[in-house]
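**Student:** Numbering (the working numbering), first residue to last: 3 to 265.
To start, I am sharing the structure in question, which I have written as structure tokens.
Quick look at the structure:
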């Protein structure tokens, strides 16, 4: 199943409707005004984003005689949860025990995000690109309802990649498993790899190997430490593993590197 189950841009007039959807509906108005009624009535203007939670019954009535243009995107919360284990986001998309509608007012920059989701729905994309596009908009809504609002941070993907990068640079000497990093951040290994590669140019496993090799290289050249001790110090499982990775990375064995340092 897809995360983005439907996405489109519509300019046709719409009569009043009263319904609910299994999916969470994201509506972005580019022209016109309307009323949406769930537990209360909200007046919606151009450049407003409306999130209507899964299974929230609502009525829509267009209140302007001018053009009525809008994006409609349907997000499957359960498929999103399969890729990103964030109970807070899942509740935001599904929990109608309080208010079933959330509104972000007057944000013209959101249109590009809806264009992206519409393109993905029309032309297809891998699940991680789809998830990233959905999170770009969902994160904006989440910022709206956080108890303590702060300046909007960088995208969730950039934050995740930067956090993982810093963790690898601090903890490369430990027994790091990418699956554990993914689990601690409530994402799949595939999504973590996709996001990290997009932001840094290499997968997290390759970046970890890169950090270990560069640290080992410095110790080989500038200290008299035994190769077995260096391998332990930088996180390789043994000196043979270090030698193989060093040879792949630099085209030289640790012995040749040390001899070269001595001139």
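The beta-carbon is built from N, C-alpha and C at its ideal position, and this holds for glycine as well.
Is it true that the CB of residue 221 sits closer than 8 angstroms to the CB of residue 235?
**Tutor:** Yes.
**Student:** Can you give me the Cβ contacts of residue 119 inside the same chain, cut-off strictly under 6 angstroms, excluding the 5 residues immediately before and after it?
**Tutor:** Around residue 119: 6, 9, 75 and 135.
**Student:** Give me the Cα-Cα distance between residue 96 and residue 40, rounded to the nearest whole angstrom.
**Tutor:** Straight-line Cα distance between these residues: approximately 14 angstroms.
**Student:** Once DSSP output is grouped into helix, strand and coil, what is the label at residue 63?
**Tutor:** Residue 63 falls in the strand class under three-state DSSP.
**Student:** Run through DSSP, which three-state label would residue 54 get?
**Tutor:** Residue state, collapsed to three classes: strand.
**Student:** Would you call the CB atoms of residue 57 and residue 22 closer than 8 angstroms?
**Tutor:** Yes, Cβ-Cβ distance for residue 57 and residue 22 is below 8 angstroms.
**Student:** Rounded to a whole number of angstroms, what is the C-alpha to C-alpha distance between residue 3 and residue 81?
**Tutor:** Residue 3 and residue 81: Cα-Cα distance of roughly 7 angstroms.
**Student:** Got a sec, what are the start and stop residues for the beta strand (DSSP E) residue 192 sits in?
**Tutor:** Element bounds for residue 192: not the beta strand (DSSP E) but the alpha helix (DSSP H), 191 to 202.
**Student:** Could you tell me if residue 55 is buried or exposed, where buried requires 16 or more neighbouring beta carbons within 10 angstroms of its beta carbon?
**Tutor:** Residue 55 comes out buried.
**Student:** Tell me which residues share the same chain as residue 24 and place their Cβ nearer than 7 angstroms to its Cβ, disregarding the 5 neighbours each side in the sequence.
**Tutor:** Correct list, in chain order: 56 and 57.
**Student:** From this set, 194, 133, 174 and 190, which residue's C-alpha is nearest residue 232's C-alpha?
**Tutor:** With distances taken between Cα atoms, residue 232 lies closest to 174.
**Student:** So residue 199 and residue 247 are supposed to be a Cβ contact under 8 angstroms. How far apart are they, rounded?
**Tutor:** Not really, about 19 angstroms apart at Cβ, beyond 8 angstroms.
**Student:** Taking one C-beta from the region 105 to 115 and one from the region 165 to 180 each time, how about it: are there three or more such pairs within less than 8 angstroms?
**Tutor:** They do not touch, by the three-pair rule.
**Student:** Considering only C-alpha positions, which residue in the set 126, 131, 147 and 69 is nearest to residue 100?
**Tutor:** When each option's Cα is compared against that of residue 100, the closest is 147.
**Student:** With DSSP run on the structure shown, which of helix, strand or coil describes residue 72?
**Tutor:** Looking at residue 72 - three-state DSSP - the assignment turns out to be strand.
**Student:** Taking the alpha-carbon positions, what's the residue 78 to residue 26 distance?
**Tutor:** Rounded to whole angstroms, residue 78 to residue 26 spans 6 angstroms at the Cα level.
**Student:** Please return the same chain residues whose Cβ sits closer than 6 angstroms to the Cβ of residue 229, not counting the five positions on each side in sequence.
**Tutor:** These residues qualify, in order along the chain: 241 and 256.
**Student:** Helix, strand or coil, according to DSSP, for residue 23 in the structure here?
**Tutor:** In this structure, residue 23 counts as coil in the three-state DSSP scheme.
**Student:** State the Cα-Cα distance for the pair residue 46 and residue 12, rounded to the nearest angstrom.
**Tutor:** Roughly 16 angstroms separates the two Cα atoms.
**Student:** Three-state secondary structure (DSSP) at residue 132?
**Tutor:** If DSSP states are grouped into helix, strand and coil, residue 132 belongs with the helices.
**Student:** Any chance you could list the alpha helix (DSSP H) runs of at least 4 consecutive residues sitting entirely within the region 156 to 243, in chain order?
**Tutor:** Whole alpha helix (DSSP H) segments, 4+ residues: 158 to 173, 180 to 186, 191 to 202, 206 to 224 and 229 to 236.
**Student:** Using only alpha-carbon positions, find the residue among 52, 51 and 43 that is nearest to residue 2.
**Tutor:** It is not possible to answer for residue 2, since the shown part of the chain is limited to 3 through 265.
**Student:** Can you tell me whether residue 2 is helix, strand or coil according to DSSP?
**Tutor:** As shown, the chain starts at 3 and ends at 265. That puts residue 2 outside it, with no answer to give.
**Student:** Could you please give me the residues that DSSP links to residue 10 through a beta bridge?
**Tutor:** Paired residue(s): 74.
**Student:** Would you kindly work out how many angstroms separate the C-alpha atoms of residue 133 and residue 260, rounded to a whole number?
**Tutor:** Using only the alpha carbons, I get a separation of about 47 angstroms.
**Student:** Excluding sequence positions up to five away, which residues of its chain have a Cβ less than 7 angstroms from the Cβ of residue 213?
**Tutor:** Closer than 7 angstroms at Cβ, skipping near neighbours: 170, 171 and 174.
**Student:** On a CA-only basis, which of 91, 125 and 139 is nearest residue 114? Give me that one, please.
**Tutor:** When only C-alpha atoms are compared, the closest one is 139.
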